[in-house]
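Visitor:
In the numbering used here, the protein residues as written are 137 to 274.
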């Protein structure tokens, strides 16, 4: 899973320059209809899915409870994430996800590809089960 430019710079500055990285107060998971790249593009649009919002990975708990402890250069989401039902008028195909520092804007930290694209028809719910998002640093 590629780290964003923001995350890569924070890691490099932390380890190579001794600049402490600031831990985000919360982390949010977004859904994307194409590769978000380093800038977080292609996030689901509220015009297509009015109820869509990024979800707090820790579901209101301490930020550390949103993901498992890192081991072997990897961790996973620790909570089940239930997005609101798709209330748009046309199907949406989700192909990627990203992790952000803010529910609306902020910095994208990591992004990844779903194992298989998921098409959501109107009224469908999107559930990301605990341990389904693999975050790996190469």
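For each residue, glycine too, the CB sits at the ideal point set by N, CA and C.
Could you pull out every residue in the same chain whose Cβ sits closer than 6 Å to the Cβ of residue 255, ignoring the five residues on either side in sequence?
Guide: 227 and 229
Visitor: Assuming residue 232 contacts residue 250 under a Cβ cut-off of 8 Å, what Cβ separation, rounded to an integer in Å, is found between them?
Guide: 6 Å
Visitor: Report the option in 162, 247 and 241 whose CA atom is closest to the CA atom of residue 201.
Guide: 162
Visitor: Just the Cα atoms here: how many angstroms apart are residue 239 and residue 195?
Guide: 12 Å
Visitor: Do you know how far the Cα of residue 174 is from the Cα of residue 215?
Guide: 25 Å
Visitor: Out of 225, 243 and 220, state which residue places its alpha-carbon closest to the alpha-carbon of residue 183.
Guide: Measuring from the Cα of residue 183, the nearest candidate turns out to be 225.
Visitor: Under 8 Å, do residue 147 and residue 193 count as touching if we go by C-beta distance?
Guide: no
Visitor: Based on DSSP bridge pairs, tell me the residues matched to residue 246.
Guide: Partner(s): 139 and 235.
Visitor: Quick check on residue 199: does DSSP put it in helix, strand or coil?
Guide: helix
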